[in-house]
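Trainee: I'd like to ask you about the structure that follows.
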Amino acid sequence: MFINNRNAFSRKAKMVCFFGLFLLLSAAGCEVFASRGGQPSGGASSRVTIVYPQESAQFFVGDFVDIHAEISDPSGLTTSVLIANEEILRRDTFLSSVANGDLYQPWVPDAPGVYALQLILETSAGGQIPSNIVNVYVTQAKEKASEEPAEKSEEATEEEKAAEACPLPTATSKGYPFCRSGPGTAYAEVTNLEPGQMVLVTAVSSSGNWLRVEYSKSDDTCWVWRKLLEISGNTDCLPVSDELEKDTLQEVPEEEPDSPTHPTKDPGSGPTTS
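The sequence shown begins at 176 in the working numbering and counts up by one.
Shown next, in the form of structure tokens:
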């Protein structure tokens, strides 16, 4: 009887030890899972990902780099901050909060070197969502041999100084404006800008009502009615284009040369959907 009781006690003690060991391992597993399962401050569906330029991309000083990022946040994104080498280069506030979409942030490097680019998006809830960091290389553009006299070189230097003193402005699209092949509604539609898309303004029409913008990474240009863009920067230094402004409502039929002139569209009113 004594031996049987001792065996029974031994079996119970083993069961208690195994059960205690199981609880200890379960608790440790929960701690490991919790430490690896954290979410970013913006939430599981919040993200800011730079998709262009890619890692180790190479550019020249003065190149127009259109940084493209895919963004999303349920509470809405309100502000974009561009950072290079841990220094804030520019801060842009959206016209309205954006839940998701594509962000195009212009950047023009002004000196050679290695740049660590990053975007930080601020949310309407007061949070910040950092993007991935992309390292790019910027080198000095090779100078072309010039056969022009020294006076020409001095003139070019003055032009460069003027360009530095008055950099090209940027603009943000309002809605989905048409971007046309020339300054006027009579020109063909090239593309539509997206709401909030940022573009570089490169020229102005003779009347000042149309702006030529670069809308892609390939430096493609088109014309947008000025009132459909939110301008950031000084447009007084923009070159004036000699392209003829044409509007479909301003043309008079040739078949009736003696008839009274048809009413034309007031250039100052502008289109509402172009």
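For glycine and all other residues, C-beta sits at the position ideal for the given N, C-alpha and C.
Being a predicted model, the structure only gives us computed values, none of them experimental.
I need the DSSP call for residue 423, collapsed to helix, strand or coil.
Mentor: In the sequence shown, the residue the question calls residue 423 occupies position 248. Helix at residue 423.
Trainee: Using a 10 Å radius around the Cβ and a threshold of 16 neighbouring Cβ atoms, would you call residue 241 buried or exposed?
Mentor: Counting from 1 along the sequence shown, the entry for residue 241 is found at position 66. Classification for residue 241: buried.
Trainee: Comparing C-alpha positions only, which one of 255, 377, 293 and 393 sits nearest to residue 411?
Mentor: For the purposes of this step, residue 411 is identified with residue 236 of the sequence shown, where counting begins at 1. Selected option, being the one with the closest Cα: 377.
Trainee: If you count every other CB in all the chains shown that lies within 10 Å of the CB of residue 220, and 16 or more means buried, which is it?
Mentor: Looking up residue 220 in the sequence shown gives position 45. By the 10 Å Cβ count, residue 220 comes out exposed.
Trainee: Using 8 Å as the threshold, is the region 246-264 in touch with the region 226-236, meaning 3 or more CB pairs across them?
Mentor: no
Trainee: One question on the structure: do residue 235 and residue 311 come within less than 8 Å of each other, judged by their Cβ atoms?
Mentor: Position 60 of the sequence shown, counting from 1, holds the residue named residue 235. Position 136 of the sequence shown, counting from 1, holds the residue named residue 311. No, the pair does not count as a contact, with Cβ atoms beyond the cut-off.
Trainee: With a cut-off of 8 Å, do at least 3 Cβ pairs link the region 384-401 to the region 347-355?
Mentor: yes
Trainee: Report, in whole angstroms, the separation of the C-beta atoms of residue 388 and residue 365, which I expect to be a contact under 8 Å.
Mentor: Your numbering for residue 388 matches position 213 in the sequence shown. Your numbering for residue 365 matches position 190 in the sequence shown. Contact annotation, residue 388 with residue 365: C-beta distance approximately 11 Å; criterion of less than 8 Å not satisfied.
Trainee: For the putative contact between residue 368 and residue 391, defined by C-beta atoms under 8 Å, what is the C-beta separation to the nearest angstrom?
Mentor: The residue given as residue 368 occupies position 193 in the sequence shown. The residue given as residue 391 occupies position 216 in the sequence shown. That belief does not hold up - the Cβ atoms of residue 368 and residue 391 are roughly 11 Å apart, past 8 Å.
Trainee: Near residue 414, what residues of its chain come up, given a Cβ to Cβ distance below 7 Å and the 5 sequence neighbours on each side ignored?
Mentor: Along the sequence shown, one-based indexing puts residue 414 at 239. Excluding sequence neighbours, residue 414 sits near 378.
Trainee: Please report how far the alpha carbon of residue 207 lies from the alpha carbon of residue 224, in whole angstroms.
Mentor: Stepping through the sequence shown from its first residue, residue 207 is reached at position 32. Stepping through the sequence shown from its first residue, residue 224 is reached at position 49. Note that residue 207 scores a pLDDT of 31, beneath 50, so its modelled location is shaky and nothing firm can be said.
Trainee: With H, G and I counted as helix, E and B as strand and the rest as coil, what does DSSP make of residue 296?
Mentor: On the sequence shown, residue 296 is found 121 positions in, with the first residue counted as 1. Residue 296: strand per DSSP, three-state reduction.
Trainee: For residue 375, name the three-state secondary structure that DSSP assigns.
Mentor: By one-based count along the sequence shown, residue 375 stands at place 200. Reduced to three states, the DSSP call for residue 375 is strand.
Trainee: Leaving out five residues before and five after residue 404 in sequence, what residues of the same chain have Cβ atoms less than 6 Å from its Cβ?
Mentor: What you label residue 404 is simply residue 229 of the sequence shown in a count that begins at 1. Within the same chain, residue 404 has close Cβ partners 346.
Trainee: Is residue 490 helix, strand or coil by DSSP?
Mentor: In this structure the chain extends from 176 to 449, so residue 490 is not present and cannot be described.
Trainee: Quick check: the Cα distance between residue 416 and residue 302, rounded to an integer number of angstroms?
Mentor: One-based indexing of the sequence shown puts residue 416 at position 241. One-based indexing of the sequence shown puts residue 302 at position 127. Distance between the alpha carbons of residue 416 and residue 302 is about 44 Å.
Trainee: Answer with buried or exposed for residue 401, where buried requires no fewer than 16 other C-beta atoms within 10 angstroms of its C-beta.
Mentor: Stepping through the sequence shown from its first residue, residue 401 is reached at position 226. Counting Cβ neighbours within 10 Å, residue 401 comes out buried, since at least 16 surround it.
Trainee: Taking only the alpha-carbon atoms, compute the straight-line gap between residue 406 and residue 289 and give it to the nearest angstrom.
Mentor: Working through the sequence shown from its first residue, we reach residue 406 at position 231. Working through the sequence shown from its first residue, we reach residue 289 at position 114. Going by the C-alpha atoms only, they are around 30 Å apart.
Trainee: Bridge partners of residue 386, per DSSP?
Mentor: In the sequence shown, counting from the first residue as 1, residue 386 sits at position 211. For residue 386, which the question treats as bridged, DSSP gives the partners 379 and 399.
Trainee: Apart from the five residues just before and just after residue 275, which ones in its own chain have a Cβ nearer than 7 Å to its Cβ?
Mentor: Position 100 of the sequence shown, counted from the start, is the residue given in the question as residue 275. Here the set comprises 246 and 247.
Trainee: Apart from the five residues just before and just after residue 300, which ones in its own chain have a Cβ nearer than 6 Å to its Cβ?
Mentor: Here residue 300 corresponds to residue number 125 of the sequence shown, with the count starting at 1. The beta carbon of residue 300 sits closer than 6 Å to those of 250, all from its chain and outside the five residues before and after it, given in chain order.
Trainee: Output yes if chain D places a C-beta closer than 8 Å to the C-beta of residue 409; else output no.
Mentor: No chain D is present in this structure, which holds just one protein chain.
Trainee: Can you tell me whether residue 226 is buried or exposed, with buried defined as 16 or more other CB within 10 angstroms of its CB?
Mentor: One-based indexing of the sequence shown puts residue 226 at position 51. Label assigned to residue 226: exposed.
Trainee: Do you know whose CA, among 238, 285 and 359, lies nearest residue 385's CA?
Mentor: Mapped onto the sequence shown, residue 385 falls at position 210. It is 359.
Trainee: Rounded to a whole number of angstroms, what is the C-alpha to C-alpha distance between residue 267 and residue 341?
Mentor: By 1-based counting over the sequence shown, the position of residue 267 is 92. By 1-based counting over the sequence shown, the position of residue 341 is 166. Their backbone Cα atoms lie some 19 Å apart in a straight line.
Trainee: With distance defined between alpha-carbon atoms, name the residue in 297, 305, 344 and 409 nearest to residue 282.
Mentor: What you label residue 282 is simply residue 107 of the sequence shown in a count that begins at 1. For residue 282, the nearest C-alpha among the options comes from 344.
Trainee: Quick check on residue 408: does DSSP put it in helix, strand or coil?
Mentor: The count along the sequence shown starts at 1 and reaches residue 408 at position 233. Three-state result, residue 408: coil.
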